[in-house]
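Visitor:
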Amino acid sequence: MVNGKVQSDRITLAQMGQDRRAGMTDADAFAAIALAAVACDGALGREEAHALRRSLEFRTPYKNCTDQEMGSLFDRLLHTLRESGVNKLVDEALPALTSLQQETALALAVQLAYADRKVTPEENTFLKQLCERVSLPEGRAEAVMGAIMSLHRDSLSS
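All the letters of the sequence shown, read from the start, carry residue numbers 560 to 717 under our numbering.
Right under this line is the structure:
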């Protein structure tokens, strides 16, 4: 307790990266890349929305967020997506992420696209473009994408 107020170790999305003057916080940006991956084919189905939520809910800072905070985050991101499109959402997100965060966001985007084993041409194009846009050492983005694709390969099917 400090100054009569209970202190919490909870960090809200608003507090993450709050020193940024403009643009997205790193938390906003990471979620934006994941959202772009599931929405790049022009539709965001219920199953994709649930997969997106599950992919974030155990990660910092999202694991400490209320449903209201997560709803507010996705309302903001969906507004940008609807107004400006997937490419603009990614354009705004990438500069807010470090190289390591970009690598993880790319891996998550591939995971979300391949989770149902049915990758649309739009998803494939999005992932290839994302690989070209992230700030990673040469060949690293393709290696990340290949590793996640391997995890989803049904190699024991006839």
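For glycine and all other residues, C-beta sits at the position ideal for the given N, C-alpha and C.
Just so it is clear, the structure is predicted and the values come from calculations on it, not from any experiment.
Would you kindly work out how many angstroms separate the C-alpha atoms of residue 631 and residue 687, rounded to a whole number?
Guide: As a working note, residue 631 is residue 72 in the sequence shown. As a working note, residue 687 is residue 128 in the sequence shown. Between residue 631 and residue 687, the C-alpha separation is close to 29 Å.
Visitor: Exposed or buried, residue 563, counting other C-beta atoms within 10 Å across all chains shown (16 or more means buried)?
Guide: Start at 1 with the first residue of the sequence shown, and residue 563 comes out as number 4. Here residue 563 scores only 43 on pLDDT, less than 50, and its place in the model should not be relied on; the value that follows carries that caveat. When all chains shown are included, residue 563 counts as exposed.
Visitor: Would you say residue 649 and residue 692 are within 8 Å of each other, going by their C-beta atoms?
Guide: As a working note, residue 649 is residue 90 in the sequence shown. As a working note, residue 692 is residue 133 in the sequence shown. Result yes, Cβ atoms of residue 649 and residue 692 sit closer than 8 Å.
Visitor: Using the beta-carbon count (16 or more within 10 Å), is residue 661 buried or exposed?
Guide: Position 102 of the sequence shown, counting from 1, holds the residue named residue 661. So residue 661 ends up on the buried side.
Visitor: What number of angstroms, rounded off, separates the C-alpha of residue 715 from the C-alpha of residue 673?
Guide: On the sequence shown, position 156 is the one that residue 715 refers to. On the sequence shown, position 114 is the one that residue 673 refers to. Going by the C-alpha atoms only, they are around 17 Å apart.
Visitor: What's the gap between the Cα of residue 637 and the Cα of residue 602?
Guide: To locate residue 637, count along the sequence shown from 1; it is residue 78. To locate residue 602, count along the sequence shown from 1; it is residue 43. Their Cα atoms are separated by approximately 12 Å.
Visitor: For residue 701, which residues of its own chain have a beta-carbon under 7 Å away from its beta-carbon, when the five flanking residues on both sides are left out?
Guide: Taking the sequence shown and counting its residues from 1, the one referred to as residue 701 is at position 142. So the qualifying residues of the chain are 690.
Visitor: Whole angstroms are fine: how far does the CA of residue 675 sit from the CA of residue 595?
Guide: Here residue 595 is taken as the residue at index 36 of the sequence shown, counted from 1. Here residue 675 is taken as the residue at index 116 of the sequence shown, counted from 1. So the two alpha carbons sit approximately 16 Å from each other.
Visitor: Determine the direct distance from the alpha carbon of residue 629 to that of residue 589, and round the result to whole angstroms.
Guide: Reading the sequence shown from its first residue, position 30 is the one you call residue 589. Reading the sequence shown from its first residue, position 70 is the one you call residue 629. Those two C-alpha atoms are separated by around 13 Å.
Visitor: Pop quiz: residue 592 and residue 706 are said to be a contact at Cβ under 8 Å. What is the actual Cβ separation, rounded to whole angstroms?
Guide: As a working mapping, residue 592 is identified with position 33 in the sequence shown. As a working mapping, residue 706 is identified with position 147 in the sequence shown. Contact doesn't hold; Cβ gap of about 17 Å is too wide.
Visitor: With burial defined as no fewer than 16 other Cβ atoms inside 10 Å of the residue's Cβ, what is the status of residue 584: buried or exposed?
Guide: The residue you call residue 584 lines up with position 25 of the sequence shown. Per the 10 Å Cβ criterion, buried.
Visitor: Between residue 699 and residue 713, what straight-line distance do the alpha-carbon atoms span, to the nearest angstrom?
Guide: Sequence index remark: in the sequence shown, residue 699 carries index 140 (1-based). Sequence index remark: in the sequence shown, residue 713 carries index 154 (1-based). Going by the C-alpha atoms only, they are around 24 Å apart.
Visitor: Just to confirm the assignment, what range does the alpha helix (DSSP H) spanning residue 705 have?
Guide: Translated into the one-based positions of the sequence shown, residue 705 becomes position 146. Here the alpha helix (DSSP H) through residue 705 covers 699-711.
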